[in-house]
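Colleague: Residue numbers (the working numbering): 318 to 433.
No residue lacks a Cβ here, since even glycine has one placed at the ideal position from N, Cα and C.
Please read all numbers here as calculations on a predicted model, not as lab measurements.
After the structure tokens below, expect a handful of questions from me.
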């Protein structure tokens, strides 16, 4: 699940909205919305993010958060390390090779470091 998918699913569930109903109201398929929530689709188009924000009644801060999460939620990431140091390239490759094996605690520690 992507950060964006987890957030919209949480908001939808808190408001008691069924996935099928939300999908129909947004004029997307339930399969697409489910795949978006579970991280099986790429990041949503900005227009759809705004539609979702409006549908869920997001206030300004929530809408900004959802836009940011959508930008950070592409499930397939490509890194270009050309022109960077060998250490940068090694870091990118080691992270790519190990990311599926990191514990939640390790992920949180790395994120805390990167968010500084």
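(1) Out of 416, 391, 432, state which residue places its alpha-carbon closest to the alpha-carbon of residue 322.
(2) CA-CA distance, residue 331 and residue 373?
(3) Taking the alpha-carbon positions, what's the residue 365 to residue 376 distance?
(4) List in chain order: all unbroken alpha helix (DSSP H) runs of 4+ residues lying wholly within the segment 320 to 405.
(5) Please list, in chain order, all residues of the same chain as residue 328 whose beta carbon is under 7 Å from its beta carbon, the five residues on each side excluded.
Modeller: Concretely, from the data shown:
(1) Here the closest residue by C-alpha is 391.
(2) Residue 331 and residue 373 have their C-alpha atoms some 10 Å from each other.
(3) For residue 365 and residue 376, the distance between alpha carbons rounds to 16 Å.
(4) With a minimum length of 4 residues, the continuous alpha helix (DSSP H) runs that stay inside the segment 320 to 405 are 320 to 331, 336 to 343, 347 to 355, 363 to 372, 377 to 388.
(5) Closer than 7 Å at the Cβ level, and outside the excluded window around residue 328, lie 373.
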